[in-house]
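Enquirer: Here's a structure for you.
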Amino acid sequence: MNTRHFSQLPKPYLAYPKVIQSLIFKKPKGEKVLPQVEYVVDSFKVDQKHLKAYNQVCGFKNNGYIPAIYLAVLSQSLQMHMMTQEAFPFAILGLVHIRNQVKQNRKVGVNEQLTLSCKFGELKPHDKGVQFDFITTAKVGNEVVVEALTTYLARQKTTAGSAVAKAPESAAPEYKAAAEWDVSENTGRRYALTSGDFNLIHIHAVTAKAFGFKQAIAHGMWSKAKALSNLSLPDAYEADVWFKLPMYLPSKVEFLTAQQGKDTEFLIRNAKSQKPHVAGSVKAL
906 MNTRHFSQLP KPYLAYPKVI QSLIFKKPKG EKVLPQVEYV VDSFKVDQKH LKAYNQVCGF
966 KNNGYIPAIY LAVLSQSLQM HMMTQEAFPF AILGLVHIRN QVKQNRKVGV NEQLTLSCKF
1026 GELKPHDKGV QFDFITTAKV GNEVVVEALT TYLARQKTTA GSAVAKAPES AAPEYKAAAE
1086 WDVSENTGRR YALTSGDFNL IHIHAVTAKA FGFKQAIAHG MWSKAKALSN LSLPDAYEAD
1146 VWFKLPMYLP SKVEFLTAQQ GKDTEFLIRN AKSQKPHVAG SVKAL
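Note that the sequence shown ends on residue 1190 in the numbering used here; no numbers are left out.
Below you can see the structure in the form of structure tokens.
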């Protein structure tokens, strides 16, 4: 395992030229292998002005603590550079974010000094190709305070009968309506300014159509953050979501929850068609 150290978070936009190059220069065929590398930001504090802007667009309160998902979002900058600076075997713009898990071991104060690291997980079969994780860890000193798994699907031909990883099948929770949201057309642009994720499918209907979408679609990580900001989160918890169907912008959506002891299941679905956008759970630790 090679480790690359950073004195500060690299800027996401510095990776964009290599993303564009990946549209021109095709990845070589052959066995797909993920780089054995870890990127580490050795010591940093969050930019509180940036955090407040993120909280505003996602709905979190400015309460002196860092939402765990915010650290997962900061890690996406490391992920972008890992995919563009290393021998990454897949086309970046063809990846689909299918799942995200965040584990908070305790609340993290906005003034705490952090170490943030990210590495690749293993390649696993999927019925539409292969999937892999980015594994993110945030520490205060030697204490792990937040962990995250970001799961992507790389579409490709699969062999019949191969084992695949899917969302677990279980009885549908008894959801109750908790809120209804009018998600504005500019949500993708507003979130991009704080997350650094300027993927063209999120920015405007014109650019989204170039990638086969009839309108721009909301960022999955914005949808997850919006859900978490509307729940009473325990001090220590795991939040797991599966991203379902795209949320077109603008949209009217329903937020539903089901309580099971200290755990909460939740769903974001289209108010008219009732098709699901995000299904997830929060489990107290």
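Beta carbons are placed, not taken as given, at the ideal position from N, Cα and C, and that holds for glycine.
Just to confirm, is the Cβ distance from ALA1184 to LYS1129 under 8 angstroms?
Expert: Counting from one through the sequence shown, the residue named residue 1184 turns up at place 279. Counting from one through the sequence shown, the residue named residue 1129 turns up at place 224. No, the pair does not count as a contact, with Cβ atoms beyond the cut-off.
Enquirer: I need the straight-line Cα distance from GLY1101 to GLN913, nearest angstrom please.
Expert: Mapped onto the sequence shown, residue 1101 falls at position 196. Mapped onto the sequence shown, residue 913 falls at position 8. In a straight line, the C-alpha of GLY1101 is about 15 angstroms away from that of GLN913.
Enquirer: Assuming the contact rule is C-beta atoms closer than 8 angstroms, THR989 and LYS923 should be a hit. Round their C-beta distance to whole Å, please.
Expert: Here residue 989 refers to the residue found at position 84 of the sequence shown. Here residue 923 refers to the residue found at position 18 of the sequence shown. That pair is a contact at about 4 angstroms.
Enquirer: Could you tell me which of ILE1003, GLN1164 and THR1169 sits nearest to ASP1038, measuring between CA atoms?
Expert: Here residue 1038 refers to the residue found at position 133 when the sequence shown is read from its first residue. With distances taken between Cα atoms, ASP1038 lies closest to ILE1003.
Enquirer: When you compare the stretch 1041-1048 with the stretch 1169-1183, are there three or more beta-carbon pairs, one atom per stretch, that lie closer than 8 angstroms?
Expert: Not touching, per the Cβ criterion.
Enquirer: For TYR1080, collect the residues of the same chain with a Cβ closer than 7 angstroms to its Cβ; drop the 5 residues on either side in sequence, then sort them by chain order.
Expert: For the purposes of this step, residue 1080 is taken as residue 175 along the sequence shown, with counting starting at 1. Result list for TYR1080: LEU1161, THR1162, ALA1163 and LEU1172, in chain order.
Enquirer: CYS1023 and TYR975 - do their beta-carbons sit closer together than 8 angstroms?
Expert: If you number the sequence shown from 1, residue 975 lands on position 70. If you number the sequence shown from 1, residue 1023 lands on position 118. In this structure, CYS1023 does not lie closer than 8 angstroms to TYR975 by Cβ.
Enquirer: Hey, would you say ILE1108 sits closer than 8 angstroms to ALA1097, going by beta carbons?
Expert: Counting from 1 along the sequence shown, the entry for residue 1108 is found at position 203. Counting from 1 along the sequence shown, the entry for residue 1097 is found at position 192. Cβ distance < 8 angstroms, so ILE1108 and ALA1097 count as in contact.
Enquirer: Do you know whose CA, among LYS1119, ALA1110 and ALA1189, lies nearest GLU1143's CA?
Expert: Reading the sequence shown from its first residue, position 238 is the one you call residue 1143. The shortest Cα separation from GLU1143 among LYS1119, ALA1110 and ALA1189 belongs to ALA1189.
Enquirer: Check whether the Cβ atoms of ASN882 and ALA1082 sit closer than 8 angstroms, and answer yes or no.
Expert: In the structure displayed, the chain extends from 906 to 1190; residue 882 sits before or after that span and is not available.
Enquirer: When you compare only the Cα positions, how much space is there between VAL962 and LEU1019?
Expert: Position 57 of the sequence shown, counting from 1, holds the residue named residue 962. Position 114 of the sequence shown, counting from 1, holds the residue named residue 1019. So the alpha carbons of these two residues sit roughly 24 angstroms apart.
Enquirer: Determine the extent of the alpha helix (DSSP H) in which VAL1035 is found, giving its start and end residues.
Expert: Reading the sequence shown from its first residue, position 130 is the one you call residue 1035. Run containing VAL1035: none in the alpha helix (DSSP H); it sits in the beta strand (DSSP E), 1034-1045.
Enquirer: Kindly indicate which three-state DSSP category ILE1193 falls into: helix, strand or coil?
Expert: This structure cannot speak to residue 1193, because the chain is shown only from 906 to 1190.
Enquirer: What residue from VAL1187, GLY999, ASP1032 and ASN1005 has the CA that sits closest to THR1056's CA?
Expert: On the sequence shown, residue 1056 is found 151 positions in, with the first residue counted as 1. Answer by Cα proximity: ASN1005.
Enquirer: Whose CA, out of ILE1106, PRO1030, PHE911 and LYS1167, lies closest to the CA of GLN1120?
Expert: Mapped onto the sequence shown, residue 1120 falls at position 215. For the residues ILE1106, PRO1030, PHE911 and LYS1167, the minimum Cα distance to GLN1120 belongs to ILE1106.
Enquirer: If you reduce the DSSP assignment to three classes, tell me which class ASN1010 lands in.
Expert: The count along the sequence shown starts at 1 and reaches residue 1010 at position 105. Of the three classes helix, strand and coil, the one that applies to ASN1010 here is coil, per DSSP.
Enquirer: In terms of residue numbering, what span does the alpha helix (DSSP H) encompassing THR1112 cover?
Expert: Here residue 1112 corresponds to residue number 207 of the sequence shown, with the count starting at 1. Per DSSP, THR1112 belongs to the alpha helix (DSSP H) from 1110-1114.
Enquirer: With respect to the alpha helix (DSSP H) encompassing THR989, which residues constitute its N-terminal and C-terminal limits?
Expert: Position 84 of the sequence shown, counted from the first residue, corresponds to residue 989. Segment 973-990, the alpha helix (DSSP H) holding THR989.
Enquirer: What separation, rounded to the nearest whole angstrom, lies between the Cα atoms of LYS934 and ALA1113?
Expert: Counting from one through the sequence shown, the residue named residue 934 turns up at place 29. Counting from one through the sequence shown, the residue named residue 1113 turns up at place 208. Cα-Cα distance, rounded: 28 angstroms.
Enquirer: Please report the distance separating the alpha-carbon of VAL1007 from that of MET985.
Expert: For the purposes of this step, residue 1007 is identified with residue 102 of the sequence shown, where counting begins at 1. For the purposes of this step, residue 985 is identified with residue 80 of the sequence shown, where counting begins at 1. Straight-line Cα distance between these residues: approximately 19 angstroms.
Enquirer: Taking ALA1176 as the reference, give the member of VAL1088, LYS950 and GLU1052 with the closest Cα.
Expert: One-based indexing of the sequence shown puts residue 1176 at position 271. Checking every option, the nearest Cα to that of ALA1176 belongs to VAL1088.
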